[in-house]
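Peer 1: Residue numbers (the working numbering), protein chains in the order written: chain V, 11 to 151; chain D, 11 to 151.
Ideal placement from N, C-alpha and C gives every residue a C-beta, glycine not left out.
Quick caveat, the model's predicted, so the values are computed rather than measured.
Starting off with a structure, shown below.
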DNA sequence: AATTAACTTATAATGATTCTAAAGTAGAAG
DNA sequence: CTTCTACTTTAGAATCATTATAAGTTAATT
Ligand SMILES: [Mn+2]
Ligand SMILES: [Mn+2]
Ligand SMILES: [Zn+2]
Ligand SMILES: [Zn+2]
C-alpha cells in the first residue's frame with residue numbers, strides 16, 4: 011500500500027509530493043530489484059503519468075533515497091550512474107552487450123579469502139561484478 | 011630501455027612522437043602498478059617536461075593503449091575515469107577517504123563460488139573492489 | 001484562509017569527455 | 001638532403017551527465 015512509500019519519504023526527510031510518490035511507485039512497487047539510471051527513471055515516470063517531471067526533482071529524490079539507504083549506487087564502466095533498489099550488500103552479473111544487470115544471490119557466490127588490510131583499516135564494502143558475454147566470443151577454431 | 015615504449019606504441023598503431031613517448035615514460039617506466047586519471051597524468055607530464063601537452067593527445071593515447079590492452083579502465087564511483095597500467099585481471103583495495111587504490115595480489119584473494127550463468131553466456135571478466143575505511147568509523151560505544 | 005518553509009521547475013553552470021579543423025611533424029621516397 | 005603526405009598535435013568548440021540557481025508553487029500548520 012501507499013503508506014509504505016510515504017514512510018520512506020518521511021524518514022528521508024521528504025514531503026510526499028505527487029512527483030515523489032510517482033518516483034516511489036516506480037522504484038519500490040515491485041517484487042524484484044530494479045536497476046536504473048536517472049534518465050531511464052525519468053522516462054518511465056513521464057510515460058506512466060503522461061506529464062513531465064523535472065530532471066532536478068528526479069536527481070534530488072534519488073539522492074535523498076541514496077543518502078537514507080533506500081537505493082544504492084553501483085560501480086560500472088560507462089558514462090551514466092546506475093542505481094539499485096536493492097540496497098543490501100550484494101553482487102552483480104553484468105552483460106555489457108545487452109546492458110542487463112542481474113543480482114547475484116548471496117548463496118550463489120563465495121569470497122573465501124580476502125587480502126590483509128592496511129594497518130588501522132577495516133572493510134567497508136565489497137563489490138563483485140562478473141561481466142558476461144556470449145559463448146560465441148573468441149571461440150577456438 | 012626506450013625501445014620498449016616504441017614497441018607498445020607501434021603495436022598500438024601509433025607513431026612514437028615526443029608527446030607519446032612522455033606518456034609512456036610515466037605509465038610504463040616503473041616497477042609498480044600505476045593507477046591514474048587523465049587529468050593527473052596530464053599534470054605529471056607537464057611537471058616533468060615543463061611544457062604543455064594537449065588534453066586531446068592524452069585522451070587519445072590512453073584510449074589507444076586501452077584498446078590494445080596495455081592499460082585498463084577500473085570501475086569506481088566518482089566523476090572521473092580511473093585507468094590502471096596493470097592490465098591483467100586483478101582486484102583492488104580502495105580507500106575512498108584517501109583515494110588510495112591498491113592492487114590485490116592473486117594469491118591474496120579467492121572467489122570460490124560463482125553463480126550459474128544465463129544460457130549461452132560465459133564469464134568475460136570478474137572485478138572485485140574491497141572498499142576500506144578507518145577502524146574508528148561507526149565504532150560501538 | 002493565511003503563513004511559511006519546503007518543493008518543483010526551467011534554465012544556467014560546471015566538469016569530464018569527445019569532436020573539429022587548422023597547423024605541425026614523422027617517415028617514406030627520391 | 002628535400003619533398004611529399006599521411007598522421008599528429010593542438011586550441012577551442014561541442015556534447016553529455018550532473019549540479020546549482022532562483023522564481024513561482026504547494027504542503028502543512030495555525
Ligand atoms: Mn568508461
Ligand atoms: Mn558516484
Ligand atoms: Zn543489484
Ligand atoms: Zn590495479
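1. At a cut-off of 7 Å, is residue 43 (chain D) close to ligand 4 when judged by its beta-carbon and the heavy atoms of the ligand?
2. Within the 8 Å Cβ cut-off, does residue 83 (chain V) reach chain D?
3. Under DSSP, the alpha helix (DSSP H) around residue 32 (chain V) begins and ends at which residues?
4. Sorry if obvious, but does the Cβ on residue 152 (chain D) come closer than 7 Å to a heavy atom of ligand 4?
5. Give the straight-line distance between the Cα atoms of residue 43 (chain D) and residue 129 (chain V), rounded to the nearest whole angstrom.
6. When you compare the CB of residue 131 (chain V) with every CB in chain D, is at least one pair closer than 8 Å?
7. Extract the residue ranges of the beta strand (DSSP E) inside the stretch 88-142 of chain D, only unbroken runs of 3 or more that lie entirely within it.
8. Between residue 48 (chain V) and chain D, is there a C-beta pair that is closer than 8 Å?
9. So, is residue 151 (chain V) buried or exposed, given that buried needs 16 or more other C-beta atoms within 10 angstroms?
10. Measuring CB atoms only, is the stretch 34-49 of chain D touching the stretch 83-98 of chain D, in the sense that at least three cross pairs come out at less than 8 Å?
11. Within 8 Å of any Cβ in chain D, is that where the Cβ of residue 94 (chain V) sits?
12. Quick check on this structure: which residue in D:61, D:146, D:109, D:140 has the alpha carbon closest to the alpha carbon of residue 28 (chain D)?
13. Apply the 10 Å Cβ neighbour rule to residue 72 (chain D) and answer buried if 16 or more other Cβ atoms are within range, or exposed otherwise.
Peer 2: Here's the rundown:
1. Because some heavy atom of ligand 4 lies under 7 Å away, the Cβ of residue 43 (chain D) counts as near it: yes.
2. Put simply, the CB of residue 83 (chain V) is near chain D, with a gap under 8 Å to one of its CB atoms.
3. Element bounds for residue 32 (chain V): 28-38.
4. The question about residue 152 (chain D) has no answer, for chain D in this structure spans 11 to 151.
5. Taking the straight line from one Cα to the other gives about 21 Å.
6. At least one chain D Cβ lies under 8 Å of residue 131 (chain V).
7. Counting whole runs of 3 or more residues, the stretch 88-142 of chain D contains the beta strand (DSSP E) stretches 92-94, 101-105, 111-114, 120-123.
8. Output row for residue 48 (chain V): interface = no.
9. Confidence at residue 151 (chain V) is low in this model, with a pLDDT of 47, below 50, so the placement of that residue is unreliable and no value is reported for it.
10. In short, these stretches touch, since the Cβ pair count reaches three.
11. Closer than 8 Å to the CB of residue 94 (chain V) there is not a single CB belonging to chain D.
12. Checked all of D:61, D:146, D:109, D:140; the closest Cα to residue 28 (chain D) is D:61.
13. Label assigned to residue 72 (chain D): buried.
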